[in-house]
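Below is one structure, written out as structure tokens; the observations come after it.
There are 2 protein chains.
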Amino acid sequence: MDTLSSILYEGIINNFSALAAMDQPPNRLSEQLLEAIEERIVTGEYPPGARLDEVELAEAFGVSRTPIREALIRLGSIHIIEKMPRRGWAIAPASPRRLVEMFEFMAELEALCGGFAARRATPFQLQKLLAAHEACRGVKDPDEYYRLNEIFHVALYEASGNEFLIEQTLEMQRRARPYRRLQLRVPERIASSFAEHEEIVRTILANNAELAAEKLRQHVMVQGERFANLVKSVEKLSAADVKRPA
Amino acid sequence: MDTLSSILYEGIINNFSALAAMDQPPNRLSEQLLEAIEERIVTGEYPPGARLDEVELAEAFGVSRTPIREALIRLGSIHIIEKMPRRGWAIAPASPRRLVEMFEFMAELEALCGGFAARRATPFQLQKLLAAHEACRGVKDPDEYYRLNEIFHVALYEASGNEFLIEQTLEMQRRARPYRRLQLRVPERIASSFAEHEEIVRTILANNAELAAEKLRQHVMVQGERFANLVKSVEKLSAADVKRPA
DNA sequence: ATTCCAATTTATGTATACAGAAGACATTAA
DNA sequence: TTAATGTCTTCTGTATACATAAATTGGAAT
Chain A
1 MDTLSSILYE GIINNFSALA AMDQPPNRLS EQLLEAIEER IVTGEYPPGA RLDEVELAEA
61 FGVSRTPIRE ALIRLGSIHI IEKMPRRGWA IAPASPRRLV EMFEFMAELE ALCGGFAARR
121 ATPFQLQKLL AAHEACRGVK DPDEYYRLNE IFHVALYEAS GNEFLIEQTL EMQRRARPYR
181 RLQLRVPERI ASSFAEHEEI VRTILANNAE LAAEKLRQHV MVQGERFANL VKSVEKLSAA
241 DVKRPA
Chain B
1001 MDTLSSILYE GIINNFSALA AMDQPPNRLS EQLLEAIEER IVTGEYPPGA RLDEVELAEA
1061 FGVSRTPIRE ALIRLGSIHI IEKMPRRGWA IAPASPRRLV EMFEFMAELE ALCGGFAARR
1121 ATPFQLQKLL AAHEACRGVK DPDEYYRLNE IFHVALYEAS GNEFLIEQTL EMQRRARPYR
1181 RLQLRVPERI ASSFAEHEEI VRTILANNAE LAAEKLRQHV MVQGERFANL VKSVEKLSAA
1241 DVKRPA
């Protein structure tokens, strides 16, 4: 399906000599497995409630249980899956409620970044933010805009000047990304998104922390516009695919 | 030292037959190792910056690398330790700046919880919050107050009603714990802390989200009162204890 | 003497083997 | 027919063995 899967598939064929050798800078078969499994969870290939059997997964990916275990443990640590006693791992149901809470939290983190940025951003950071914003101007292609949009947001985080906050927000962004994928990226949204960015940048440049925070909260949550859709789709997905919650 | 260590020690002596058999309901040697290692980190036995070598730990606890690895991976997932490429695991070193950023972030999370609690807490949650607050009344012993204080704050998180936020804040609390150790807990602080709690609870009960958030920000950051001390001591500590940053 | 290359050692990730406990299934007895 | 007990199979956790990549050290050459 994606490059990751094909790499892994390649690995199976080559009995992993290729994969093991391929390991560029970032080693970690388990890392790739983590992402692969996360991907499958998010796409619904492994639906909420489904069991994740170590042996099955190991066979499916053509690896031993060890890296699978590692990946599962890490997925468990970020609460994407849960371990039931003697029942193995299961995908934590991504309830609509949880998604809302997650995005609400994300919105607050971004608001925090915006507020800090308005108060403390250095000229250099503001310059980068502005540049990232300008790079979005006139972009029509949704995928391209999506990419540049992420860069803009990262620039915003960095303008907060709090390394710790930046790390945390980046991680949240990563965690939320799988679910964002479900969102329809309609072209009409691009214009309004860009307009909101514009306002946000202005507000930050004007050192209006409160307003910047509020605008960012709105901006992230406006995804709630299509959020209803997202939640609905997940709801259907859950209702349809769950075999038995048992 | 603690029961956990002694259990593990017992296990070493008995070549783990005892331990393996002891495994009441919650098996998991790795779980115990996780707690044991975290304990040692929190108490400062493994200070910030220290390396955690898999084989050393395995030998120290008399177990194989596997459960140690599992524990380390989990500690890494919650950012209590970090894995440096080819340098093994290490307890995240705490520069004064990073500590400030961390507590600032923590303060914002708590403020968030407080704000949400003021807006949405259920009567039951408020009741629990109030109970946790009352439990602190009149407590003189710093350690005991510290313990009850944590319970109060957890009750606050839970009153936010956002599961995701709760998880995140609890994780941050856990993450910050190793560094809190450095704080001097002076008895005089107890009274003012309690008074602040009192105000916070009142404000939340009055549904004043903005003010509750602000008071919590202050409350957590007042640790900044002794924060200067903390930072200073860490600064000295860093200067003195670090062998070579390499 | 300094630098570069090679070789040996160490560390880290993965595979596999093993053990113990829990659950399931079947058989027997009441 | 149902319940209980015993066995067998499966599953999960831990240990160990192995392979590879990186780092360090030593030697040689410039």
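Sequence lines, in order, name chains A and B.
Residue numbers for the first sequence follow the numbering used here, beginning at 1 and rising by one.
Residue numbers for the second sequence follow the numbering used here, beginning at 1001 and rising by one.
The C-beta atom is built at its ideal place from N, Cα and C for all residues, glycine as well.
Would you kindly report the start and end of the unbroken alpha helix (DSSP H) that includes residue i?
i	result
E1171/B	E1163 to R1180
A1058/B	E1054 to F1061
T1043/B	L1029 to T1043
T203/A	P187 to L205
A1209/B	A1209 to M1221
Does the Cβ of residue i have 16 or more other Cβ atoms within 10 Å, making it buried, or fewer, making it exposed?
i	result
G1114/B	buried
P1178/B	buried
A1121/B	buried
P48/A	buried
E56/A	exposed
N162/A	buried
R97/A	exposed
Q32/A	buried
E70/A	buried
E45/A	exposed
Tell me which residues share the same chain as residue i and place their Cβ nearer than 7 Å to its Cβ, disregarding the 5 neighbours each side in the sequence.
i	result
T1203/B	A1118, L1211, A1212 and K1215
C1136/B	Y1145, L1148, N1149, F1152, F1194 and H1197
A132/A	I151, F152 and A155
R1065/B	E1054, V1055 and A1058
L1130/B	V1201
E134/A	none
L1034/B	A1071, R1074 and L1075
Apart from the five residues on each side of it in sequence, which residues of its chain come closer than 8 Å, Cβ to Cβ, to residue i?
i	result
L170/A	V154 and Y157
P187/A	K140 and P142
G1088/B	R1051, L1052, D1053 and E1054
N1207/B	A1118 and R1119
Have a look at residue i and residue j and give me their C-alpha separation to the nearest angstrom.
i	j	result
Y1145/B	I1166/B	22 Å
Q168/A	E1198/B	31 Å
A159/A	I68/A	38 Å
F124/A	M172/A	25 Å
R51/A	R40/A	13 Å
L1029/B	P85/A	15 Å
R1180/B	V1139/B	20 Å
S192/A	E108/A	20 Å
E110/A	E1104/B	15 Å
R1189/B	H1219/B	11 Å
L303/A	G1062/B	Only positions 1 to 246 of chain A appear in this structure, which leaves residue 303/A out of reach.
E1082/B	V1222/B	28 Å
I12/A	A60/A	Annotation note: pLDDT 32 at I12/A (below 50); position unreliable, no value reported.
A36/A	L75/A	11 Å
M102/A	A1209/B	20 Å
S77/A	L1205/B	34 Å
I91/A	E38/A	10 Å
F164/A	L1126/B	31 Å
F1116/B	V1100/B	24 Å
With a threshold of 6 Å on Cβ separation, who are the neighbours of residue i within its own chain once the five nearest residues in sequence on each side are excluded?
i	result
V259/A	As shown, chain A starts at 1 and ends at 246. That puts residue 259/A outside it, with no answer to give.
R217/A	A107 and A111
H1079/B	R1175
K128/A	A155
S1095/B	none
query: What are the start and end residues of each continuous beta strand (DSSP E) run of 3 or more residues lying completely inside the segment 1059-1117 of chain B, in chain order?
result: The beta strand (DSSP E) runs lying completely inside the segment 1059-1117 of chain B and spanning 3 residues or more are 1081-1084 and 1088-1091, given in chain order.
field: Ranges of the alpha helix (DSSP H) found wholly within the segment 1125-1161 of chain B, counting only runs of at least 4
entry: Taken in chain order, the complete alpha helix (DSSP H) segments of 4 or more residues contained in the segment 1125-1161 of chain B are 1142-1159.
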